[in-house]
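Residue numbers (numbering that gives the first Met the number 0), protein chains in the order written: chain A, 0 to 329; chain B, 0 to 329.
Glycine residues also receive a C-beta, built at the ideal position from the N, C-alpha and C atoms.
Protein chains: 2
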Amino acid sequence: MKNLITGAAGCIGSELAEALVARGQDVIGVDNLSSGKMEHLATVLGKSNFRFVEADLEEPSAMDRVIQGVNMVWHLAANPDVKFSEGDETNKDLRQNTLCTYNVLEAMRRNGTRKLAFSSTSAVYGLSKLQPIPEEAAFPHPISLYGATKLGCEALISAFQNLFGMQCWIFRFANIVGPKVRKRGRTVIGDFILKLRQDPRKLPILGDGKQAKSYLLSEECVEAMLFVVEHARAPVNIYNLGCDDSLEVTAIAGMVAEAMGLRGVEYEFAGGDGGWPGDVARFCLDVSAINRLGWKARHNSAEAVSRAIRSTLAAMNEAAGAGALPACKP
Amino acid sequence: MKNLITGAAGCIGSELAEALVARGQDVIGVDNLSSGKMEHLATVLGKSNFRFVEADLEEPSAMDRVIQGVNMVWHLAANPDVKFSEGDETNKDLRQNTLCTYNVLEAMRRNGTRKLAFSSTSAVYGLSKLQPIPEEAAFPHPISLYGATKLGCEALISAFQNLFGMQCWIFRFANIVGPKVRKRGRTVIGDFILKLRQDPRKLPILGDGKQAKSYLLSEECVEAMLFVVEHARAPVNIYNLGCDDSLEVTAIAGMVAEAMGLRGVEYEFAGGDGGWPGDVARFCLDVSAINRLGWKARHNSAEAVSRAIRSTLAAMNEAAGAGALPACKP
């Protein structure tokens with residue numbers, strides 16, 4: 000089995016590479032290193048069944064250089080920033096998510112590669128009236144450019160699957176947390192640690208702190224992807240990937256403060272429902288489909304976040320205060 | 000009220016322009032004339048409240064030249080070909096549907112234009128288990144590049160609406176038929192007329208002839224769009240637009256033959272479920288939502304097709320055998 004992982008130097012991509020290489024499979028890892036980091040690949044670089052290629056999938060011919068002989072593509076490369084901030088280009092997600100996914104699909108079609116696993120997101124659902132959110136029960140209305148363009152990816156995959164005889168596994172991720180670290184504090188855990196290191200007495204919190212989301216450890220995310228690809232045999236297989244509960248942001252703040260040994264931290268809420276425009280402030284995924292298939296997360300949201308806080312703090316101490324912060328994004 | 004219609008020289012766009020101009024509203028019509036035709040605009044060209052601009056929306060700055068002062072955009076420009084044929088570029092729909100819609104949305108955002116009506120399609124649903132198909136009851140799985148990229152458009156509109164405070168009306172069209180004519184026989188009515196003129200004894204029919212779809216006259220389509228925009232006041236308003244039944248392809252063949260005065264035509268079925276790869280062979284739209292809003296199609300599918308056959312034949316006779324054929328697409 001020859002695998003191609005896009006976004007291989009990211010948090011999930013690198014853990015997936017490690018898992019596949021450990022199984023003795025051939026893996027080509029592709030990344031443009033815009034947010035992925037080579038050190039994430041430390042455990043597989045040099046292994047005879049792993050090869051890394053730096054390439055940007057926005058370049059239509061980039062895939063052609065690496066796809067020969069590949070049986071299975073794990074397309075994880077994407078804009079890792081769920082937030083749209085004032086001044087951002089409004090087509091960043093369109094380019095890095097939808098257009099790159101088209102480039103991947105088209106290269107697969109030309110090369111005759113038939114199997115694709117894709118990292119979609121719970122953000123495709125938008126503000127769902129059904130909670131927990133099942134995979135198939137409602138038409139999605141994404142409220143972020145990230146979620147919208149990931150839905151555009153899913154739709155393209157669905158059409159390519161039908162037109163060109165592919166087989167696809169689409170994973171709608173909960174918020175993924177884990178030990179891999181990077182410098183920018185884009186995740187709630189890293190954000191809180193960074194802020195509390197700057198000022199241990201008070202913690203600014205986006206929104207009203209009542210945002211509540213599902214969390215899953217990156218190691219379990221990778222395990223679940225491998226399990227589903229092995230066990231789900233439909234032409235298109237779509238699974239929510241998370242645990243069956245959610246966790247409030249304020250609870251995470253308390254867990255971070257406690258793990259840092261801080262007491263009496265004052266929370267300063269920015270106010271408003273969501274953390275940022277396009278934020279789906281409260282959601283919980285219906286994971287009964289993947290449970291029925293035979294896989295269940297071993298940690299609930301609080302346990303996953305707790306472990307991620309500890310591993311993040313450990314990694315930051317190891318990085319000797321270099322400002323490294325958790326990398327994983329939903 | 001200043002309106003901008005993209006795809007204004009198309010079948011639906013030109014009828015919409017006529018309706019808005021007749022109401023005394025200002026209309027700017029934009030079209031790249033790749034499939035639209037200037038003669039469709041004969042009734043409005045020269046009117047003081049209508050202006051035509053030839054422009055291609057794939058060019059990101061094209062919209063900037065026309066959007067100043069516009070309150071309401073009717074974005075109908077799209078790849079009119081639902082079929083993907085061997086040899087077609089696989090990114091044609093992505094470019095002409097999703098990317099052009101992004102360009103429209105981004106120009107609206109920069110210009111502060113807040114109202115958008117969009118011609119989506121029943122093809123976004125793909126192979127729905129629910130028949131007739133309601134707007135909100137299931138996650139869509141498009142099976143054509145046309146349907147997939149229109150779903151990508153809807154998702155982008157949903158995100159822009161939320162992030163930038165727009166108001167949107169999304170119409171999922173049934174198969175639209177009508178009197179406007181063009182040279183290429185892409186629609187079932189035009190295709191059958193053309194074939195029967197070539198050989199009145201036999202008629203090749205795609206698929207098994209049991210394909211059954213919902214049909215709506217273009218004049219009623221335009222009427223419904225205007226009605227919904229006037230009466231539906233949510234931030235995002237999504238409506239199936241059609242009648243409540245469907246009509247089999249073989250029945251249409253019989254109606255065309257009869258209208259042409261032919262008897263004993265032999266049908267030659269190509270076989271297979273759908274007319275082409277990505278064809279949703281059988282569907283019927285749930286139109287109870289638009290009915291509840293207060294609008295109902297005056298003609299069922301058979302009546303709409305019957306009228307379209309007559310108007311098409313009349314237009315072709317008028318065009319004195321110049322090969323003109325019906326233009327409207329779902």
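Among the options, the one whose alpha carbon lies nearest that of residue i
| i | options | result |
| --- | --- | --- |
| Leu284 of chain B | B:Lys209, B:Asp87, B:Arg171, B:Trp73 | B:Arg171 |
| Lys19 of chain B | B:Leu292, B:Pro139, B:Pro133, B:Leu225 | Residue identity check: residue 19 of chain B is Leu in the sequence provided, not Lys. Taking only the C-alpha atoms, the option nearest Leu19 of chain B is B:Leu225. |
| Leu104 of chain A | A:Ala136, A:Asp63, A:Gln130, A:Leu129 | A:Asp63 |
| Glu219 of chain B | B:Gly23, B:Ser33, B:Ala307 | B:Ala307 |
| Gln24 of chain A | A:Ser47, A:Glu38, A:Gly208 | A:Ser47 |
| Leu44 of chain A | A:Met71, A:Gly28, A:Pro59 | A:Gly28 |
| Asp198 of chain A | A:Asn236, A:Arg262, A:Ser143 | A:Arg262 |
| Leu240 of chain A | A:Leu205, A:Pro59, A:Ser300, A:Arg108 | A:Ser300 |
| Val255 of chain A | A:Val304, A:Ala296, A:Leu292 | A:Val304 |
| Asp55 of chain A | A:Ile192, A:Lys128, A:Ser33, A:Ile188 | A:Ser33 |
| Met71 of chain A | A:Ala16, A:Glu85, A:Gly274 | A:Ala16 |
| Lys209 of chain A | A:Leu195, A:Gln166, A:Gly274 | A:Gly274 |
| Arg50 of chain A | A:Pro59, A:Ser60, A:Asp30 | A:Asp30 |
| Phe268 of chain B | B:Asn2, B:Val286, B:Val248, B:Ala77 | B:Val248 |
| Ala41 of chain A | A:His298, A:Lys201, A:Lys179 | A:Lys179 |
| Phe83 of chain B | B:Ala21, B:Asp278, B:Asp244, B:Lys114 | B:Asp278 |
| Ala106 of chain A | A:Ala61, A:His298, A:Val286 | A:Ala61 |
| Asn242 of chain B | B:Phe163, B:Glu302, B:Gly206 | It should be noted that the sequence gives Cys, not Asn, for residue 242 of chain B. Nearest of B:Phe163, B:Glu302, B:Gly206 to Cys242 of chain B, Cα basis: B:Glu302. |
| Leu22 of chain A | A:Lys128, A:Cys167, A:Met0 | Note that residue 22 of chain A is Arg in the sequence shown, not Leu. Cα-wise, what sits closest to Arg22 of chain A is A:Met0. |
| Gly206 of chain A | A:Glu222, A:Asp272, A:Met165 | A:Asp272 |
| Leu246 of chain A | A:Ile156, A:Ala280, A:Tyr266 | A:Ala280 |
| Phe163 of chain B | B:Gly270, B:Leu75, B:Arg108 | B:Arg108 |
| Tyr238 of chain A | A:Arg200, A:Trp294, A:Val81 | A:Trp294 |
| Trp168 of chain B | B:Leu115, B:Gln130, B:Asp92, B:Ile66 | B:Leu115 |
Listed by chain order, chain B residues near residue i by CB distance under 9 Å
| i | result |
| --- | --- |
| Arg306 of chain A | The contacting residues do not exist; Arg306 of chain A stays about 32 Å from chain B at best. |
| Asn330 of chain A | Since the displayed chain A opens at 0 and closes at 329, residue 330 of chain A lies outside it and no answer follows. |
| Asn236 of chain A | Within chain B, no residue comes near Asn236 of chain A; the closest Cβ sits about 12 Å away, beyond 9 Å. |
| Glu57 of chain A | The premise fails here: Glu57 of chain A is roughly 13 Å from chain B at the closest Cβ pair, so nothing lies under 9 Å. |
Any non-hydrogen atom of the ligand PLP within 7 Å of residue i CB
| i | result |
| --- | --- |
| His298 of chain B | The ligand PLP is not part of the structure shown, which contains no ligands of any sort. |
Proximity below 8 Å, CB of residue i to CB of residue j
| i | j | result |
| --- | --- | --- |
| Phe282 of chain B | Ile132 of chain B | yes |
| Ala154 of chain A | Pro276 of chain B | no |
| Ala258 of chain B | Arg309 of chain B | yes |
| Thr97 of chain A | Gly151 of chain B | yes |
| Val227 of chain B | Ile289 of chain B | yes |
| Ser143 of chain A | Ala173 of chain A | no |
| Ile192 of chain A | Ala252 of chain A | no |
| Ala332 of chain A | Ala158 of chain B | Nothing can be reported for residue 332 of chain A: it is not among the residues displayed for chain A, which extend from 0 to 329. |
| Glu134 of chain B | Phe117 of chain A | no |
| Tyr145 of chain A | Asn90 of chain B | no |
Chain A residues whose Cβ lies nearer than 7 Å to that of residue i
| i | result |
| --- | --- |
| Ile142 of chain B | Ser157, Ala158, Asn161 |
| Pro139 of chain B | Phe138 |
| Met147 of chain B | Reading off the sequence shown, one finds Ala at residue 147 of chain B, where the question assumed Met. Under the 7 Å cutoff, chain A gives Ala154, Leu155, Ser157, Ala158. |
| Glu83 of chain B | It is worth fixing the name first, because residue 83 of chain B is Phe in this sequence and not Glu. Per Cβ cutoff of 7 Å: Leu162. |
Neighbour-count burial assignment, residue i, 16 or more Cβ in a 10 Å radius
| i | result |
| --- | --- |
| Gly68 of chain A | exposed |
| Val264 of chain B | buried |
| Asn316 of chain B | exposed |
| Lys36 of chain A | buried |
| Gly12 of chain A | buried |
| Ala313 of chain A | exposed |
| Val52 of chain B | exposed |
| Leu324 of chain B | Note that Leu324 of chain B scores a pLDDT of 47, beneath 50, so its modelled location is shaky and nothing firm can be said. |
| Glu57 of chain A | exposed |
| Glu88 of chain A | exposed |
| Asp190 of chain B | buried |
| Trp73 of chain B | buried |
| Pro329 of chain B | Confidence at Pro329 of chain B is low in this model, with a pLDDT of 40, below 50, so the placement of that residue should be treated as unreliable; the coordinate-derived value is given next. Buried: at least 16 other Cβ atoms inside 10 Å. |
| Glu85 of chain A | exposed |
| Glu229 of chain B | exposed |
| Glu14 of chain B | buried |
Under 8 Å from the C-beta of residue i: neighbouring residues of chain A
| i | result |
| --- | --- |
| Pro276 of chain B | Asn161, Leu162 |
| Glu14 of chain B | Near Glu14 of chain B there are no residues of chain A at all, since even the closest Cβ is about 28 Å away, more than 8 Å. |
| Glu135 of chain B | Ala137, Phe138 |
Contact list for residue i against chain B, beta-carbon separation under 8 Å
| i | result |
| --- | --- |
| Thr97 of chain A | Leu93, Thr97, Gly151 |
| Asn90 of chain A | Tyr101, Glu105 |
Proximal chain A residues relative to residue i, where beta-carbon distance stays under 9 Å
| i | result |
| --- | --- |
| Gly241 of chain B | Chain A residues near Gly241 of chain B: none, gap ~17 Å exceeds 9 Å. |
8 Å Cβ cutoff, residue i in contact with chain E
| i | result |
| --- | --- |
| Gly125 of chain B | The displayed structure is made up of protein chains A and B, and chain E is not among them. |
Exercise. Okay, do the segment 2 to 10 of chain B and the segment 200 to 219 of chain A touch, 3+ Cβ pairs below 8 Å being the bar?
Worked result: No: fewer than three Cβ pairs fall under 8 Å.
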